[in-house]
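Here's the structure we're looking at; comments come further down.
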Amino acid sequence: MTNNQKEKILSNKFIQNFLENESKVTLKNKYKFAEIASSLAYYLKSFSNINKLLDYVCLIFKLIFNENIILIIPLNYEGEIWYENVKISANDEYLTVQEEINIFLNQFNFSKNFKIKEILTFEDALKNSFKEYKIETKKILSRGKCRGFIYIFSKNISNQSITEESNFNFIADCLAVGLENHYLLKTKKKHENVDREISTGAEIQSQLLPDYCPTIYGVDLAAHCRPALKLGGDYYDFMSLKTNISEKRKEKARWALVIGDVMGKGIPAGLLMTMLRGMLRAEALTGLPPDRVLHDLNQLAINDLDQSHRFVTLFYSDYNPRTRKLRFANAAHNPPLLWKSTDQKIIKLDADGFVLGLQKDAEYCCGEIKLNKNDLILYYTDGIIDTSNSLGERFDEERLIKTFTRLCKQSYTSQEILNKLFKKLDDFTGQNRHLEDDASIVVFQIK
Numbered sequence: 000m001t002n003n004q005k006e007k008i009l010s011n012k013f014i015q016n017f018l019e020n021e022s023k024v025t026l027k028n029k030y031k032f033a034e035i036a037s038s039l040a041y042y043l044k045s046f047s048n049i050n051k052l053l054d055y056v057c058l059i060f061k062l063i064f065n066e067n068i069i070l071i072i073p074l075n076y077e078g079e080i081w082y083e084n085v086k087i088s089a090n091d092e093y094l095t096v097q098e099e100i101n102i103f104l105n106q107f108n109f110s111k112n113f114k115i116k117e118i119l120t121f122e123d124a125l126k127n128s129f130k131e132y133k134i135e136t137k138k139i140l141s142r143g144k145c146r147g148f149i150y151i152f153s154k155n156i157s158n159q160s161i162t163e164e165s166n167f168n169f170i171a172d173c174l175a176v177g178l179e180n181h182y183l184l185k186t187k188k189k190h191e192n193v194d195r196e197i198s199t200g201a202e203i204q205s206q207l208l209p210d211y212c213p214t215i216y217g218v219d220l221a222a223h224c225r226p227a228l229k230l231g232g233d234y235y236d237f238m239s240l241k242t243n244i245s246e247k248r249k250e251k252a253r254w255a256l257v258i259g260d261v262m263g264k265g266i267p268a269g270l271l272m273t274m275l276r277g278m279l280r281a282e283a284l285t286g287l288p289p290d291r292v293l294h295d296l297n298q299l300a301i302n303d304l305d306q307s308h309r310f311v312t313l314f315y316s317d318y319n320p321r322t323r324k325l326r327f328a329n330a331a332h333n334p335p336l337l338w339k340s341t342d343q344k345i346i347k348l349d350a351d352g353f354v355l356g357l358q359k360d361a362e363y364c365c366g367e368i369k370l371n372k373n374d375l376i377l378y379y380t381d382g383i384i385d386t387s388n389s390l391g392e393r394f395d396e397e398r399l400i401k402t403f404t405r406l407c408k409q410s411y412t413s414q415e416i417l418n419k420l421f422k423k424l425d426d427f428t429g430q431n432r433h434l435e436d437d438a439s440i441v442v443f444q445i446k
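In terms of numbering that gives the first Met the number 0, the sequence shown is numbered consecutively and its last residue is 446.
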């Protein structure tokens, strides 16, 4: 059959003309039913409008089972009665009964939050209102879920049930496929909208992270965040603690360097990270020591974090380029690794402190260290050391220290060290394996 022939048979006008010229299509005439079945299959293939499909199915029912009245009650995307798409298939001689059924449907009060079990109450009321008919029920099932109901009104009680006929079941199954297609299209569109919103959120969040490293006198900086999902809970930032001076003078002013990690990943973590960023930037501008900044930040954020049942680890430091002194405080974050070039060894920069959002009266300690030429500091989040390979082995802190030590002994820039660390991470995890958590690295090198 050509496409033009299929489109002709697909049209409701064709079916209507068929009804006018034929009293009915006998089930023995396989050719005529094959034509209808072919057109119905073609309709499903080019599916676009559920209302037209329901009208089309009603016309087919009317054509083949014209001695019956057939009521189709589909369920909508939320699983509730789809009032606007309730259809009735009936010949002209049953127009009065069709009107009575419509009146009954308008008067019957389905609950707002319809449940499948409530259909029994409806069916009892339907049978009591139309006692002169034998009323049979056929569920419209797809993938094991009820997508609606078909009711067959038979005047002749002695007639064999059409629900046992293969032609009826074929049409009912096609209707189920059509309804399922509609739900899948709705679901796809909903997911596309969500994906679009998440992509927009990810774009906004990426703009909140520094898109370049600032120029700090005597310092070579590099940083990168690789989220596990589109939105992430990792956070790093660089903030000049002097805002009302020229860019040239800022280079030698005090700078805050921070890295943090919101528990979890995805949208919730991303939203909390964004909230925390705003609070931290306001606190950093006070110029208070790192331990006081974390104390005050915890006081500000604890209510929001408590309600979200999440917490945040954060390492906050400030650096004075003139004196090369780094002060720091730690809210239970992974301690940064400091490569001491003079001693050719790595030490951890750590200070006592609770995670943010767990304890309202948490106290934090402040540490201080003098940095020298060629010293390097590696700030990182636990997504780096928690990454695993196909064998289930973690990258772990020991492997990170060994890799970082080897790189520090070479004459690499901060950006080269960062790139090689991520390359090592990729080689360890293997191809086509996604990160299990957000992974961030900041490399801070004294030139």
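The C-beta atom is built at its ideal place from N, Cα and C for all residues, glycine as well.
Just so you know, these numbers come straight off a predicted model, no measurement behind them.
- In the three-state DSSP reduction, A221 falls in the strand class (E or B).
- Annotation: the stretch 407-438 contains the following complete segments of the alpha helix (DSSP H) (minimum length 4 residues), in chain order: 413-428.
- By the neighbour-count criterion, in which 16 or more other beta carbons inside 10 Å mark a residue as buried, I115 falls on the exposed side.
- Within the stretch 52-140, the runs of beta strand (DSSP E) that reach at least 3 residues and sit entirely inside it are, in chain order, 67-73 and 86-88.
- Burial is judged here by how many other beta carbons sit within 10 angstroms of a residue's own beta carbon; Q106 has fewer than 16 and is exposed.
- Cβ contact annotation for K324 (same chain, cutoff 8 Å, sequence separation greater than five): Y318, E367, I368, K369 and L370, in chain order.
- According to the DSSP secondary-structure assignment, E367 is paired through a beta bridge with R326.
- For D381, the uninterrupted alpha helix (DSSP H) run begins and ends at D381 to I384, by DSSP.
- When the Cα atoms are used, T95 and F113 turn out to be separated by approximately 29 Å.
- Secondary structure within the stretch 229-308: the beta strand (DSSP E) runs of 3 or more consecutive residues, fully enclosed, are 233-239 and 254-261 (chain order).
- The alpha-carbon separation between N373 and T322 amounts to approximately 15 Å.
- CA-to-CA, the gap between L424 and N297 works out to about 33 Å.
- K188 has its alpha-carbon roughly 36 Å from the corresponding atom of E164.
- The stretch 56-73 makes contact with the stretch 136-155; the number of CB pairs closer than 8 Å reaches 3 or more.
- Contact annotation: the stretch 337-350 does not touch the stretch 238-253, with fewer than three C-beta pairs closer than 8 Å.
- K422 is the residue among K422, L348, Q409 and K347 whose C-alpha sits nearest the C-alpha of I383.
- In the structure shown, K185 adopts helical secondary structure according to DSSP, grouped into three states.
- Ranked by how close their Cα comes to the Cα of K401, the residues D360, D236, V261 and L337 have L337 in first place.
- Nearest C-alpha to F403 among Y378, S387 and D385: Y378.
- For S153, the enclosing beta strand (DSSP E) stretches over residues K144 to S153.
- With 16 or more other CB atoms across the displayed protein chains lying within 10 angstroms of its CB, K61 is buried.
- Between V292 and A330, the gap from beta carbon to beta carbon reaches 7 Å or more.
- At least 7 Å separates the beta-carbon of L399 from that of S316.
- Spatial neighbours of L284 in its own chain (CB-CB distance under 8 Å, excluding positions within 5 residues in sequence) are listed in chain order as M238, L240 and T242.
- Sorting V311, T162 and I376 by C-alpha distance to the C-alpha of P335 places I376 at the top.
- With respect to the C-alpha of Y363, the residue from A350, G356 and L357 having the closest C-alpha is A350.
- DSSP places T402 within a helical segment (H, G or I) once states are collapsed to three.
- In this structure the stretch 173-188 does not lie against the stretch 207-222, because fewer than three pairs of beta carbons, one per stretch, are closer than 8 Å.
- For D317, the enclosing beta strand (DSSP E) stretches over residues V311 to N319.
- Looking at the backbone, the Cα of S38 and that of E179 are separated by about 19 Å.
- Secondary structure at S38: helix, using DSSP grouped into helix, strand and coil.
- For L337, the enclosing beta strand (DSSP E) has its first and last residue at L336 to K339.
- Following the DSSP letters along the chain, one finds K372 in no beta strand (DSSP E), marked with neither H nor E.
- Sequence-distant partners of D233 (beyond 5 residues in either direction) whose C-beta falls short of 6 Å from its own C-beta, in its chain, are C224, D260, T380, D437 and S439.
- Across the structure, R393 and D385 are spaced so that their CA atoms are roughly 6 Å apart.
- Across the set A33, N302 and E98, the C-alpha of A33 shows the shortest separation from the C-alpha of I170.
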